[in-house]
Every structure is written in C-alpha cells, then in structure tokens.
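Numbering (my numbering), first residue to last: 24 to 267.
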C-alpha cells in the first residue's frame with residue numbers, strides 16, 4: 024500500500040490516566056486493520072527510571088558497554104532498545120522509527136510532545152463530558168479529531184463519541200488517510216529524507232509532469248511518487264581499457 028517509510032497519518036490518543044486511552048487504541052487498531060490498513064502504535068511511559076531491560080542481563084551489559092542500540096531477536100519477536108538521556112528524545116525521530124512500513128501510526132499519550140503539532144491528529148479521551156469542554160477551551164491540544172467518553176456533550180467544535188462509536192471514528196481516520204496527498208517521498212540509501220510539505224508537493228508535480236510526457240504513460244492523478252537515490256560505491260573503470 025505504498026512505499027516503505029514512516030506513516031502517512033499520525034494520530035495521538037491522549038487523556039488523563041484511567042480515562043480509557045488503551046481501550047480506544049485497541050478499538051482503532053482492530054477497526055483500521057479490518058479495513059486493510061497497516062497500523063503501528065507507540066506508547067508513552069512517563070515513569071522515571073522505567074526500562075524494558077533488566078540490570079545484569081546480557082542486553083543490559085551490551086548497553087552499559089556503550090552500544091547505542093541493542094536488538095533482541097527471539098522466535099516470533101524482534102525488539103530494539105535505544106537509550107536516551109533527558110531531553111534527547113526527538114518526536115520526529117521516534118515517529119519515523121515507530122512507524123516504519125506502516126500506513127497509520129497511533130500513539131498513546133505524548134500530549135506534552137505532540138499537543139501543539141498540527142500535523143498530528145488528536146483523539147482526546149475524557150472521564151466526563153465537562154472535561155471535553157475544558158480541554159477545547161484551553162486550546163493546548165490541536166487539532167482535535169474527536170473526543171471519546173461517557174455520556175453526551177453539546178456545543179463542542181469536535182465531535183463527542185462514545186466508546187461504542189470507534190468504528191465510525193476509524194472510518195473517519197481511514198478517509199483522512201486515503202485523502203492525504205503527500206506528494207513525492209524521497210529516499211536516500213534506503214532511508215526516507217524528511218521534506219517540507221511545499222517541497223514534497225513541488226517534487227511530486229515535477230516528476231508527474233515529466234512522466235506524463237513519456238510514451239505509453241498515462242497519469243490519472245492518484246499516483247504515489249517515490250524517488251530513490253543511491254550512492255555509487257567503488258571506482259568507475261574507464262571505458263575501453265583492457266589488459267592482456
């Protein structure tokens with residue numbers, strides 16, 4: 024379903040502890056998978072000192088020795104642990120790493136890092152309708168795709184849905200995914216190069232314009248453009264040089 028690389032759509036499911044964020048993530052993942060979309064997830068763990076690794080384990084010793092990343096391979100599972108110090112977590116790098124090869128990335132939490140990012144859609148899970156009005160009034164989280172919570176709430180700019188409405192929310196997310204027109208994607212040495220929206224659009228138009236001039240090529244307007252660049256290795260031999 025497109026070129027490998029980071030997800031084309033990123034959704035952050037945010038809310039207070041115990042509001043039901045994981046329940047919403049589970050429902051959206053199942054619903055979007057049923058629609059044929061590849062979904063990745065990321066979970067924010069704010070607890071100080073939390074680690075997937077355990078002191079004394081071989082993988083822990085690798086990291087203690089200075090390895091910047093440690094990959095654990097077991098039957099049916101591959102996990103990579105990267106250590107990061109305070110303030111070293113870059114949201115864009117995390118998104119690229121967590122969503123490799125997926126269509127949609129759903130993040131649980133990350134409100135402090137993604138709250139004001141307009142390129143990340145927010146689904147806000149609340150414990151009561153009044154909290155939705157307060158969150159919308161604060162304006163800290165934007166854009167808000169929908170609120171999810173118990174009961175009903177009127178007068179909100181974003182729709183207020185119940186936990187039983189996740190199929191409808193998944194439909195809306197899927198429509199946004201298919202409507203997205205990322206323009207061209209640029210890869211260098213197998214890694215995607217981040218491009219500004221204007222540059223993506225311009226590069227995509229240039230490639231499509233060139234392709235439309237080629238014999239036998241018909242452009243319909245729904246094409247995905249991916250440009251792959253690779254560096255030459257070794258020295259190029261001069262033509263005609265022979266030896267006996």
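All residues carry an ideal CB built from backbone N, CA and C; glycine is no exception.
Cβ-Cβ distance between residue i and residue j below 7 Å
{"i": "residue 168", "j": "residue 189", "result": "no"}
{"i": "residue 208", "j": "residue 249", "result": "yes"}
{"i": "residue 125", "j": "residue 195", "result": "no"}
{"i": "residue 193", "j": "residue 55", "result": "yes"}
Closest by C-alpha distance to residue i, when choosing among the options
{"i": "residue 182", "options": "92, 152 and 140", "result": "152"}
{"i": "residue 206", "options": "238, 218, 176 and 47", "result": "218"}
{"i": "residue 178", "options": "155, 193 and 195", "result": "155"}
{"i": "residue 48", "options": "136, 148, 231 and 253", "result": "148"}
{"i": "residue 213", "options": "157, 221 and 123", "result": "123"}
{"i": "residue 36", "options": "135, 225 and 232", "result": "135"}
{"i": "residue 74", "options": "237, 97, 107 and 215", "result": "107"}
{"i": "residue 53", "options": "202, 236, 191 and 201", "result": "191"}
Cβ shell of residue i (< 6 Å), same chain only, five flanking positions each side left out
{"i": "residue 67", "result": "132 and 133"}
{"i": "residue 58", "result": "197"}
{"i": "residue 65", "result": "121 and 130"}
{"i": "residue 267", "result": "In this prediction, residue 267 has a pLDDT of 43, which is less than 50 and means its spatial position is unreliable; what the coordinates show is noted afterwards. Counting only Cβ-Cβ distances below 6 Å, and skipping sequence neighbours, we find nothing."}
{"i": "residue 150", "result": "42"}
{"i": "residue 102", "result": "95"}
{"i": "residue 268", "result": "Only positions 24 to 267 of the chain appear in the structure, and residue 268 is not among them; the question remains open."}
{"i": "residue 163", "result": "138"}
{"i": "residue 216", "result": "209"}
Exposure label - residue i; buried when at least 16 CB within 10 Å
{"i": "residue 159", "result": "buried"}
{"i": "residue 44", "result": "buried"}
{"i": "residue 240", "result": "exposed"}
{"i": "residue 265", "result": "Because residue 265 sits at a pLDDT of 45, beneath the cut-off of 50, its placement in the model cannot be relied upon, and the following sentence gives the value as read from the coordinates. Residue 265 comes out exposed."}
{"i": "residue 268", "result": "One cannot answer for residue 268 here, as it falls past the ends of the chain, which runs 24 to 267."}
{"i": "residue 184", "result": "buried"}
{"i": "residue 14", "result": "This structure leaves residue 14 out entirely; the chain is present only between 24 and 267."}
{"i": "residue 97", "result": "exposed"}
{"i": "residue 112", "result": "exposed"}
{"i": "residue 25", "result": "The predicted model places residue 25 with a pLDDT of 45, which falls under 50 and marks its position as unreliable, so this point remains unresolved."}
{"i": "residue 38", "result": "buried"}
{"i": "residue 176", "result": "buried"}
Interface flag, residue i vs chain D, CB-CB below 7 Å
{"i": "residue 130", "result": "Here there is only one protein chain, and chain D is not present."}
Near the ligand HEM: residue i beta-carbon under 6 Å from a heavy atom
{"i": "residue 253", "result": "Among the components of this structure there are no ligands whatsoever, and the ligand HEM is therefore not found."}
Spatial neighbours of residue i in its chain, beta-carbon cut-off 8 Å, leaving aside the 5 residues before and after
{"i": "residue 255", "result": "none"}
{"i": "residue 76", "result": "82, 83, 86, 93 and 104"}
{"i": "residue 34", "result": "51, 127, 128, 129, 130, 143, 144, 145, 146, 168 and 196"}
{"i": "residue 230", "result": "207, 248 and 250"}
{"i": "residue 226", "result": "206, 207, 209, 218, 248 and 250"}
{"i": "residue 173", "result": "150, 151, 152, 185 and 186"}
{"i": "residue 115", "result": "217"}
Residues near residue i by beta carbon distance below 7 Å, same chain, minus five either side
{"i": "residue 40", "result": "none"}
{"i": "residue 211", "result": "252"}
{"i": "residue 20", "result": "Lying outside 24 to 267, the shown extent of the chain, residue 20 is not represented and no answer is given."}
{"i": "residue 199", "result": "32"}
{"i": "residue 63", "result": "30, 121, 122, 125 and 128"}
{"i": "residue 46", "result": "186"}
Counterpart residues of residue i in DSSP-defined beta bridges
{"i": "residue 100", "result": "97"}
{"i": "residue 117", "result": "Paired residues: none, contrary to the question."}
{"i": "residue 64", "result": "129"}
{"i": "residue 38", "result": "148"}
{"i": "residue 167", "result": "145"}
{"i": "residue 13", "result": "Outside the shown range of the chain, which is 24 to 267, sits residue 13, and nothing can be said about it."}
{"i": "residue 210", "result": "215 and 251"}
{"i": "residue 33", "result": "128"}
{"i": "residue 90", "result": "Residue 90 is not bridged to any residue."}
{"i": "residue 202", "result": "Residue 202 pairs with nothing; no bridge assigned."}
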